[in-house]
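Working notes, structure below.
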Amino acid sequence: MRYRTGIDIGSTCSKTAVLDENGSVILRFIQPTGWSSVDTAEEIRSKLEQNGISNENSGIVATGYGRISVPFADRCVTEITCHAKGACHIFHADDLLVIDIGGQDTKLISVQDGCVKDFVMNDKCSAGTGRFLEVMSNTLAVKPEELCEMASKGGGVSISSMCTVFAESEVISLIGRGESRENIAFAVVDSIVKKVASQASRIQTVNTKVCLTGGLCDFDFLLERISEELGTDVISVPEARYAGAIGAALCAK
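Below is the structure:
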């Protein structure tokens, strides 16, 4: 049997997905990228070989932040293309607005008839990204998933700064004046949601499904708030965090 393997080396986590000849995911795993994408790629190669997957029986495509660090990949494909393909495969749709909240950037990709038509991304600042949520969670001494859970019980507070460093200073000030962690957590999530909404206003879509991919795809309150802000149901599933890797596998011969 021939396989297709996609490797998404992200700035924070690396995802790997293997598809069989029918396009079904038969193997997937995730791991921290760490400081060296090259070392991470070698760890992925080892895990694949342990499961009987190699260049001899699988086409391999790399994508993501560290895609050039995968020497055993047959080729590299941009994450925009891979996330679009992966999302269409996961959500069984050819017309989508894909919201991908990654570790260092947030991408919005408009897909029509299975092809990328437009996209916007913030690659200059980590505001509104997974890294932003991680920094704020550390400041509040909780895990990101705990922050989102607390946010569902808060409200009435906002963060005005769009810069992660200044936003962290605002959070520290809120802590200093005795604001509850629930209200501060709400402000953090609301800041991410407002950033996504701002990007969505710059991209053209027509009556398409909206889906959330990336590491925050199973954070229910975030999904709920994005849906409210955009005025439409935003769908997601746990598998959506592998959208880039699945899309890369679909690009493999």
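Be aware that the sequence shown starts at 52, since it is given in this note's numbering, and climbs by one per residue. From the three backbone atoms N, C-alpha and C, an ideal C-beta is built for every residue, glycine too.
By the three-class DSSP mapping on this structure, what secondary structure does residue i have?
i: CYS214; result: coil
i: MET52; result: coil
i: ALA144; result: coil
i: PHE170; result: strand
i: VAL261; result: strand
i: GLN101; result: helix
i: ALA113; result: strand
i: VAL121; result: coil
i: ALA299; result: helix
i: CYS64; result: strand
i: ARG363; result: With the chain running from 52 to 304 in the structure shown, residue 363 is simply not present.
i: ARG126; result: strand
i: ARG292; result: helix
i: ASP151; result: strand
i: GLY137; result: helix
Go through its chain and collect everything with a Cβ distance to residue i's Cβ below 8 Å, but skip five positions before and after it.
i: VAL167; result: ILE131, THR132, ALA135, ILE160, SER161
i: GLU230; result: VAL208
i: ARG53; result: GLU72, ASN108, SER109, GLY110
i: ARG283; result: The question names Arg, yet the displayed sequence has Thr at residue 283. The residues are VAL261.
i: ALA251; result: LEU148, ILE150, LEU159, LEU281
i: LYS304; result: ARG55, GLY110, ASP125
Would you call the CB atoms of residue i and residue j closer than 8 Å?
i: LYS98; j: ARG292; result: no
i: VAL239; j: LEU281; result: no
i: ILE60; j: VAL121; result: yes
i: ALA299; j: VAL112; result: yes
i: GLY154; j: CYS64; result: yes
Below 7 Å CB to CB, which residues in the same chain sit around residue i once its five sequence neighbours on both sides are set aside?
i: ASN106; result: PHE123
i: LEU274; result: LEU263, VAL285, SER287
i: SER223; result: Correcting the residue type first, residue 223 is Ile in the shown sequence and not Ser. Closer than 7 Å at Cβ, skipping near neighbours: THR190.
i: GLY115; result: ASP59, ILE60, GLY61, GLU130, GLY295
Could you pull out every residue in the same chain whose Cβ sits closer than 6 Å to the Cβ of residue i, ignoring the five residues on either side in sequence?
i: SER278; result: ASP284, VAL285
i: GLN163; result: ASP146
i: MET172; result: ASP156, LYS158
i: GLU290; result: ILE141
i: GLY165; result: CYS139, ASP145
i: THR259; result: ASP146, LEU147, LEU148
Taking residue i as the reference, give the member of the options with the closest Cα.
i: GLN255; options: ILE223, LYS245, LEU147; result: LEU147
i: MET201; options: GLU219, GLY266, SER211, ARG232; result: ARG232
i: ARG253; options: GLY298, PHE170, GLY206; result: PHE170
i: ASP151; options: ALA296, ILE210, CYS302, GLU196; result: ALA296
i: ASP271; options: PRO195, ARG182, ILE95, GLY74; result: PRO195
i: LYS245; options: LEU267, ARG276, CYS268, ILE226; result: ARG276
i: THR91; options: GLY117, THR259, PHE183, ILE235; result: GLY117
i: ASN234; options: GLY205, GLY181, ASP125; result: GLY205
i: GLY181; options: ILE243, LYS304, ILE77; result: ILE243
i: LEU184; options: PHE237, ILE95, ILE226; result: PHE237
Just to check, is the beta-carbon of residue i closer than 7 Å to a non-hydrogen atom of the ligand NAP?
i: HIS143; result: Of the ligands one can find in the structure shown there are none, so the ligand NAP has no counterpart to examine.
For the 8 Å Cβ check, are there 3 or more pairs between the region 83-98 and the region 132-141?
no
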